[in-house]
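Mind the numbering: the sequence shown is residues 3 to 271 in this note's numbering, read in order. For each residue, glycine too, the CB sits at the ideal point set by N, CA and C.
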Amino acid sequence: MILDSSISAVVTGGASGLGAATVKALRDLGVKVAIFDFNPETGQKKAAELGAVFCQVDVNDEAAVEAGFAAARAANGQERILIACAGGSRPTGVGGGKTVSRNKETGEMVRHSTDIFERVLRLNAVGTFRCITHSAAGMMALDPMDEDGCRGAIVNTGSVAAQDGQIGQVAYSAAKAAIAGMTLTIARDLSSEGIRVNTILPGIMATPPMEAMRERSPQVYAGLNASVPFPRRLGKPEEFADLALTMCRNAYFNGQVVRLDGAIRMPPR
Ligand SMILES: NC(=O)c1ccc[n+]([C@@H]2O[C@H](COP(=O)([O-])OP(=O)(O)OC[C@H]3O[C@@H](n4cnc5c(N)ncnc54)[C@H](O)[C@@H]3O)[C@@H](O)[C@H]2O)c1
3 MILDSSISAV VTGGASGLGA ATVKALRDLG VKVAIFDFNP ETGQKKAAEL GAVFCQVDVN
63 DEAAVEAGFA AARAANGQER ILIACAGGSR PTGVGGGKTV SRNKETGEMV RHSTDIFERV
123 LRLNAVGTFR CITHSAAGMM ALDPMDEDGC RGAIVNTGSV AAQDGQIGQV AYSAAKAAIA
183 GMTLTIARDL SSEGIRVNTI LPGIMATPPM EAMRERSPQV YAGLNASVPF PRRLGKPEEF
243 ADLALTMCRN AYFNGQVVRL DGAIRMPPR
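Structure representation (structure tokens):
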């Protein structure tokens, strides 16, 4: 796929971090981009800065996603690219925790909240799946753009936690493993329509949630950097964007789940 001003893209979670870096990389090539994000302040600002369209969308809200795709297509035309970055380790204001733990004072057994488990799965796995179905349905109406019959490309965002989830990360690792697990199946489902699907599993990336730690706990932040075999630092959002664009460009990249992690393997804690 040639990335230029003749095509358009939707980037979920595009107001910040990995999504924003991908919006920038696409815009640098002239691709028309719509940012889907539930944060209107950062979303509007990023869209204005990068020359993108902003659509206030919570990927967990079916009606908002439908309206977002309608608005994006009205502004930019039917997208050939979906980059699904919206997600995270927890819904606002709630924590993780072990599957079952012991209260240190009372010895009482504390079960992980099933509600929180479900919400983290919904945010990451269901939200990603919802956007994929809307986007692929639109792409299927497009004419193929090359001799292979390619109509579009989808890139999802998992996490290395899908493969090496740490203690206390059960909801997040299950949610990201679900995204990894759906990748090949969806690539096969959409193969007859010429739509490719791949997933990136980032390691520890220098995005705002991680950079906040640099201020809060500089020692922990330095330790995280040192824990990456090589390069001995956090990943740059631009490095994520570079791989996402490669997955779109390269016609033979399909059904893959790829770690982008400086060779880190997360320890149990
Ligand atoms: N930063 C890392 O180290 C790292 C590592 C592995 C995976 N990831 C994954 O990468 C993705 C992007 O993370 P980031 O570090 O760039 O974070 P970020 O907070 O910088 O960006 C995430 C963006 O997604 C938006 N968002 C969150 N929930 C949403 C929803 N329901 N609907 C629409 N928008 C929503 C936020 O408003 C934000 O703008 C996430 O899926 C995260 O789990 C990040």
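What's the C-alpha gap between Phe255 and Met249? 6 Å
What does the alpha-carbon distance come out to for the pair Gln46 and Ser18? 11 Å
Residue interval of the alpha helix (DSSP H) (run including Ser103): Note, Ser103: premise wrong, no alpha helix (DSSP H); beta strand (DSSP E) at 102-104.
Roughly how many whole angstroms lie between the Cα atoms of Met268 and Phe242? 19 Å
In angstroms, rounded to a whole number, what distance separates the CA positions of Ala189 and Asn200? 8 Å
Rounded to a whole number of angstroms, what is the C-alpha to C-alpha distance between Phe232 and Lys238? 13 Å
When you compare only the Cα positions, how much space is there between Gln171 and Asp145? 42 Å
Say the cut is 6 Å; is the CB of Ala88 nearer than that to a heavy atom of ligand 1? yes
Ser8 versus Asn227 - alpha carbon distance: 40 Å
Taking Gly257 as the reference, give the member of Leu84, Thr185, His114 with the closest Cα. Thr185
Continuous beta strand (DSSP E) stretch holding Gly264: start and end: Careful: Gly264 lies outside any beta strand (DSSP E) and carries neither H nor E.
Where does Ile156 fall in DSSP's three states? strand
At which residue ranges does the segment 45-83 contain complete alpha helix (DSSP H) runs of 4 or more residues, listed in the order of the chain? 64-78
Could you work out which residue in Gly154, Arg153, Ile181 is closest to Ala163 when comparing CA atoms only? Ile181
Following a CB-centred definition, is Val230 positioned closer than 6 Å to any heavy atom of ligand 1? no
What does a CB cutoff of less than 7 Å around Glu68 pick up in its chain, not counting 5 residues either side in sequence? His136
Just confirm the distance between the C-beta atoms of Cys87 and Gly16, as a whole number of angstroms; I'd bet it's less than 8 Å. 7 Å
Should Pro269 be listed as close to ligand 1, given that the test is whether its C-beta is under 6 Å from any heavy atom? no
On a Cα-Cα basis, can you pick out the residue from Gln80, Gly129, Leu192, Val35 that is closest to Leu52? Val35
Ligand 1 heavy atom lying under 6 Å from the CB of Thr273: The requested residue 273 does not occur in the structure, where the chain is confined to residues 3 to 271.
Using only the heavy atoms of ligand 3, determine whether one of them is closer than 6 Å to the beta carbon of Ile9. Annotation note on ligand 3: not contained in the displayed structure, which lists ligand 1 as its ligands.
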